[in-house]
Amino acid sequence: MSDSTPADAIAAPDELSYEQARDELIQVVNRLEQGGTTLEESLQLWERGEALAARCEEWLLGARKRLEQARNAGTSDAASETVGGDAE
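Every letter in the sequence shown is one number past the one before it in UniProt numbering, and letter 84, counting from 1, is 84.
Shown next, in the form of structure tokens:
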């Protein structure tokens, strides 16, 4: 029995959480570093790794955007309170 997963059972990268994509990416990198795979398998692993890395980057960019929005909302709330406080 092989330790590889059938192609139809592998989740599409866009369906994975950040943690799932990161963990699978680590596994892919480890398999590539160990060697012992055919050229075709190595290419498939590399392509999967690229897709997983792109998914992780999407998650991180989304998180950064949310943090910036929260920070900007906090800044504009503080500015409104200051302006409102001065008017009273």
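Think of the CB as a built atom: it goes at the ideal place given N, C-alpha and C, for glycine as much as any other residue.
Small disclaimer: the values here were computed from a predicted structure and weren't measured.
- The Cβ-Cβ distance between Ala-21 and Trp-59 falls below 9 Å.
- Secondary structure at Leu-39: helix, using DSSP grouped into helix, strand and coil.
- The continuous alpha helix (DSSP H) containing Ile-26 extends over residues 18–34.
- Between Ala-53 and Leu-25, the C-beta gap is smaller than 9 Å, which places the two residues in contact.
- In this structure Pro-13 is not in contact with Ala-63, their Cβ atoms being roughly 17 Å apart against a cut-off of 8 Å.
- Each of Glu-41, Leu-16, Ser-17 and Arg-66 was checked against the Cα of Val-28, and the nearest Cα belongs to Glu-41.
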